[in-house]
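In full-length UniProt numbering, the protein residues as written are 1 to 117.
Put into structure tokens, the structure is as follows:
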């Protein structure tokens, strides 16, 4: 699988709250940072989907840049996102930057940030 396919699979898993697919696409040591500086782990992210605390109702990719270099890669995406987080509806244009690593032929996210655009 190429990195573009992995990124698109991740987006689909986020839209569907597919915890099993997210688990496969996130590296065990993944660390993310949100717009307010909050740092979260893989388990934090999976639990937000599992519990329903985060529900993405729409995620529309506006632009995507994919850069691969052997066993590492970076994706940079701008997306319009509608979600319900902690019971509150939100809408935002967000820029996601993800660092990916390839292990055993599979791409997994090792680090991620997202900020408002």
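By construction, the Cβ of each residue, glycine as well, lies at the ideal position given by its N, Cα and C atoms.
Compute the Euclidean distance between the alpha carbons of residue 61 and residue 71, then round it to the nearest angstrom. 25 Å
Report all residues from its chain with a CB closer than 7 Å to the CB of residue 90; omit the five preceding and five following residues, and keep chain order. So the list reads 83, once near-sequence residues are dropped.
Which of the three DSSP states is assigned to residue 82 in this structure? It is a strand residue.
Under 8 Å, do residue 19 and residue 50 count as touching if we go by C-beta distance? Yes, the Cβ-Cβ distance between residue 19 and residue 50 is below 8 Å.
What is the C-beta distance between residue 109 and residue 30, in whole angstroms, given that I count them as a contact (C-beta under 8 Å)? 5 Å
Nearer than 7 Å: is that true of the beta carbon of residue 62 relative to any heavy atom of the ligand SAH? Among the components of this structure there are no ligands whatsoever, and the ligand SAH is therefore not found.
Based on the DSSP output, what are the partners of residue 182 in its beta bridges? Beyond the ends of the chain as shown, which are 1 and 117, falls residue 182; an answer cannot be given.
Is the Cβ-Cβ distance between residue 93 and residue 80 less than 8 Å? yes
Specify, as a first and last residue, the run of the alpha helix (DSSP H) that residue 67 falls within. Run containing residue 67: none in the alpha helix (DSSP H); it sits in the beta strand (DSSP E), 54 to 69.
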